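Trainee: Its first residue numbered 1, the sequence shown is counted upward by one per residue in the UniProt record's numbering. Here a beta-carbon is modelled for each residue, glycine too, at the ideal position from N, C-alpha and C. This one's a predicted model, so the numbers in the text were calculated from it and none came from an experiment.
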Amino acid sequence: MDMSAVRFRNWRKSSFSGGAGQCVELAHNTTQIAVRDSKNPTGPMLTFAQTELIRLISALKTDRLSS
Numbered sequence: 001m002d003m004s005a006v007r008f009r010n011w012r013k014s015s016f017s018g019g020a021g022q023c024v025e026l027a028h029n030t031t032q033i034a035v036r037d038s039k040n041p042t043g044p045m046l047t048f049a050q051t052e053l054i055r056l057i058s059a060l061k062t063d064r065l066s067s
């Protein structure tokens with residue numbers, strides 16, 4: 001059994017996603033938020049604590065990840 005299916009059940013994709021298949025999906029449980037490729041739902045995923053994901057999104061929006 002795929003344990004990710006047990007830990008994260010309700011995957012969501014943005015309603016703004018186009019039909020090009022370049023989307024990510026998010027799901028959460030009581031302690032983590034997971035991100036996966038919508039084209040490969042049984043593939044690997046990234047998991048974050050909520051505060052970590054908020055910091056990552058903030059850094060991406062402000063271009064603070066550039067070297």
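For threonine 42, list the residues DSSP reports as bridge partners.
Mentor: DSSP lists no partner for threonine 42.
Trainee: Which partner residues does alanine 27 have in the DSSP bridge list?
Mentor: BP columns for alanine 27 point to Ala34.
Trainee: Say whether the region 18–26 touches the region 37–50, bearing in mind that this needs 3 or more beta-carbon pairs closer than 8 Å, one atom from each stretch.
Mentor: Flag = yes, the region 18–26 and the region 37–50 touch.
Trainee: For lysine 61, report the span of its alpha helix (DSSP H) as first-last.
Mentor: That run of the alpha helix (DSSP H) goes 50–61.
Trainee: Whose C-beta lies closer than 6 Å to the C-beta of phenylalanine 48 among residues of the same chain, with five residues either side of it excluded?
Mentor: Here the set comprises Ile33.
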